[in-house]
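S.K.: Handing you a structure now.
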Amino acid sequence: MAAQTARRIAPAKGTLGVLCVGLGAVATTFIAGVENVRRGAAKPIGSLTQMGTIRLGKRTEGRAPLIRDFVPLADLKDLVFGAWDPVPDDAYAAARHAGVLDRHEHLEPIADFLKGIKPMPAVFDQNYVKRLEGKNVKTGKNKRELAEALRKDIRDFKARHGCDRLVMVWCASTEIFISPGPTHASLDAFEKAMDANDPTIAPSMLYAYAALQEGIPFANGAPNLTCDFPAMEALAKSKGVAIGGKDFKTGQTMVKTVLAPMFKARMLGVAGWYSTNILGNRDGEVLDDPESFKTKEESKLGVLEYILQPQLYPELYGEMYHKVRINYYPPRGDNKEGWDNIDIFGWLGYPMQIKVDFLCRDSILAAPLVLDLALFFDLAQRAGLSGIQEWLSFYFKSPQVAPGLYPEHDLFIQQTKLKNTLRYLMGEEQITHLGIEYYQEA
Ligand SMILES: NC(=O)c1ccc[n+]([C@@H]2O[C@H](COP(=O)([O-])OP(=O)(O)OC[C@H]3O[C@@H](n4cnc5c(N)ncnc54)[C@H](O)[C@@H]3O)[C@@H](O)[C@H]2O)c1
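Structure follows, in structure tokens:
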């Protein structure tokens, strides 16, 4: 396949402001992590933008630069951080509360830096996150006014920090389940619903709306509806802004989207897949509420259906029983344990089992994803890519896709899509893995 012309990409010069909605475990682990990396105190393990390479051209060419040397990404030294949270703790206190990073090794040496990041008052409503209470909250006569207050925060932050560009990443709690309805169908309906304080307009949607109105890319790390509906897609397109989500793909679902394609590739059947988790951080506490759990459950359940395609393989996957549980168990804190019991069957229907016990650290897995998303969304914006960024579905449990498309969940297809998009942006040849040219006679 012939190489094409590179896309025009504005240079990554100046300061990039990363605005986190929520200053909890994930956001503080991300921010403190970047600062430790910048000071040479730790390595950005888990971050594709910082550690990954990309093969270019034929296997015989030996070209495999670092991704960050290949595409013009913002440099870590140029990042500044802001956040909103209904809990008034600064980033140091919030990181201490989250208990993810070692206090003496990774927090005390950067305590002054973290204490300088104080959350702006949040747009928060307990009706959408039942298990949280917060005092650091904005007031306004309706939801439109709250969205306007967020827009002002964004402009003030930009001026205060001399930012050239901004990105926003939702790192806040999972809201209750909301189905897309008439208020989400068009921008006009959405704005009227903000004026009328309609309950189908959740706080997360106001952040997304504010970001898009200010021309700032928005990535959604939780499973909330947020920007996954026609009104937001239309706004993103009309403003020329990149959007994407939903729900960081970190632990159990990352594993699931690697194992399920393996079963399908070998035409092995799946009778049942039982997934359970114990988790003791604030996220676990929020997800203990059935309404927030339902939002998460939908996000976690979808992947198998799409990967295994029971409609194409009814004998292999038509009867599969899939169950996902999350149990709040405080002693473990952020150190989640995710178990999977998978009942599979092979030749002539003989049953077998696979057990996975992933003793993971939730925020350690999520933090590098926040970094990559911030840098890639900024790249997308500078490259003039607007609307849904499906090429970043690699990072999400429940990827947003264009209407009429089904999401691609297989982690390695997602990775191929991501890398081919980078090659496309830079005018390099796509890699199809055909490889017949290595065996053809001259
Ligand atoms: N850690 C992972 O592996 C992972 C994976 C996928 C998704 N997520 C999602 O990422 C989000 C963050 O996870 P966490 O472990 O940091 O949770 P956390 O509870 O530690 O932090 C969330 C923060 O968001 C704040 N918040 C809630 N509503 C808000 C609002 N309207 N505006 C501003 N701030 C608000 C909370 O006060 C809290 O400080 C959760 O929704 C979680 O489900 C995490």
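In the numbering used here, the protein residues as written are 570 to 1011.
For each residue, glycine too, the CB sits at the ideal point set by N, CA and C.
Does the segment 805-812 come into contact with the segment 775-786, if we say contact requires no fewer than three beta-carbon pairs (one atom in each stretch) closer than 8 Å?
M.R.: yes
S.K.: Using 8 Å as the threshold, is the C-beta distance between Met995 and Ala633 below it?
M.R.: no
S.K.: Across the segment 601-618 and the segment 919-926, are there enough close Cβ pairs to call them in contact, namely three or more that are closer than 8 Å?
M.R.: no
S.K.: Among Gln958, Leu877 and Trp842, which residue has its Cα nearest to the Cα of Trp908?
M.R.: It is Trp842.
S.K.: Apart from the five residues just before and just after Leu856, which ones in its own chain have a Cβ nearer than 8 Å to its Cβ?
M.R.: Thr743, Leu848, Phe862, Lys865, Ile895 and Tyr897
S.K.: Please report the distance separating the alpha-carbon of Pro920 from that of Met831.
M.R.: In a straight line, the C-alpha of Pro920 is about 16 Å away from that of Met831.
S.K.: Spatial neighbours of Pro879 within its chain, please: C-beta separation below 7 Å, excluding the five flanking residues on both sides.
M.R.: Tyr886, Gly887 and Met889
S.K.: Look up Val738 in the DSSP assignment and say whether it is helix, strand or coil.
M.R.: strand
S.K.: Classify Tyr531 as helix, strand or coil using the three-state DSSP reduction.
M.R.: No information on residue 531 is available, as it lies outside the stretch 570 to 1011 that the chain covers here.
S.K.: Answer yes or no: do Asp941 and Arg734 have a C-beta to C-beta separation smaller than 8 Å?
M.R.: no
S.K.: Compare the Cα-Cα distances from Lys815 to each of Thr822, Asp797 and Leu828 and report the closest residue.
M.R.: Asp797
S.K.: Just checking my contact of Gly912 with Ala840 at CB under 8 Å: how many whole Å lie between their CB atoms?
M.R.: Strictly speaking, residue 912 in this sequence is Asp, with Gly absent from that position. Yes, they are in contact, since the Cβ atoms of Asp912 and Ala840 sit about 4 Å apart, within 8 Å.
S.K.: Of all the options Ala660, Glu997, Arg724 and Asp681, which has the alpha carbon lying nearest to the alpha carbon of Val595?
M.R.: Ala660
S.K.: Can you tell me whether DSSP reads Met921 as helix, strand or coil?
M.R.: In this structure, Met921 counts as strand in the three-state DSSP scheme.
S.K.: Would you report the Cα separation of Met1012 and Arg700, rounded to the nearest angstrom?
M.R.: Coverage of the chain is limited to positions 570 through 1011, which leaves residue 1012 absent and any answer about it impossible.
S.K.: I'd like the list of long-range same chain contacts for Thr1001, defined as Cβ closer than 6 Å, with 5 residues on each side in sequence excluded.
M.R.: none
S.K.: Cβ of Val738 within 8 Å of Cβ of Ala788?
M.R.: yes
S.K.: With DSSP run on the structure shown, which of helix, strand or coil describes Tyr778?
M.R.: helix
S.K.: Considering only C-alpha positions, which residue in the set Gln1009, Tyr1007, Ser962 and Gly583 is nearest to Lys988?
M.R.: Ser962
S.K.: Below 6 Å CB to CB, which residues in the same chain sit around Lys892 once its five sequence neighbours on both sides are set aside?
M.R.: The answer, listed in chain order, is Tyr843.
S.K.: Identify, in the order they occur along the chain, each residue of the same chain with its Cβ nearer than 6 Å to the Cβ of Ile723, setting aside the five sequence neighbours on each side.
M.R.: For Ile723, same chain residues with a beta-carbon under 6 Å away, outside a window of 5 residues either side, are Glu783 in chain order.
S.K.: If we ignore side chains and look at the alpha-carbon of each, how far apart do Thr819 and Val656 end up?
M.R.: Near 25 Å, if we compare the C-alpha coordinates of Val656 and Thr819.
S.K.: Which value, in whole angstroms, describes the spacing of the CA atoms of Pro751 and Phe817?
M.R.: 27 Å
S.K.: Taking the alpha carbon of Gly586 as the point to measure from, which residue in Val649, Trp960, Gly709 and Gln958 has its own alpha carbon closest?
M.R.: Val649
S.K.: Please list the segments of the beta strand (DSSP E) lying wholly inside the segment 591-674, counting only runs of 3 or more residues, in order along the chain.
M.R.: Qualifying beta strand (DSSP E) stretches, in chain order: 648-653.
S.K.: Look at Ile747 and Leu715 and say whether their C-beta atoms are less than 8 Å apart.
M.R.: In this structure, Leu715 does not lie closer than 8 Å to Ile747 by Cβ.
S.K.: Ordered along the chain, which non-local residues of its own chain (more than five positions away) have a Cβ less than 7 Å from that of Tyr697?
M.R.: Glu744, Ile745, Ala771 and Pro772
S.K.: State yes or no: is the C-beta of Ala691 within less than 8 Å of the C-beta of Asp725?
M.R.: No, Cβ-Cβ distance for Ala691 and Asp725 is not below 8 Å.
S.K.: Could you round the C-beta distance between Lys966 and Glu977 to whole angstroms and report it? I think they count as a contact, below 8 Å.
M.R.: Not really, about 12 Å apart at Cβ, beyond 8 Å.
S.K.: Please report the Cβ distance between Ile578 and Leu991, rounded to the nearest whole angstrom; I am assuming they are in contact, meaning their Cβ atoms lie under 8 Å.
M.R.: Incorrect: roughly 11 Å between the Cβ atoms, too far for contact.
S.K.: Just checking Asn850 against ligand 1 - is the residue's beta carbon closer than 7 Å to any of the ligand's heavy atoms?
M.R.: yes
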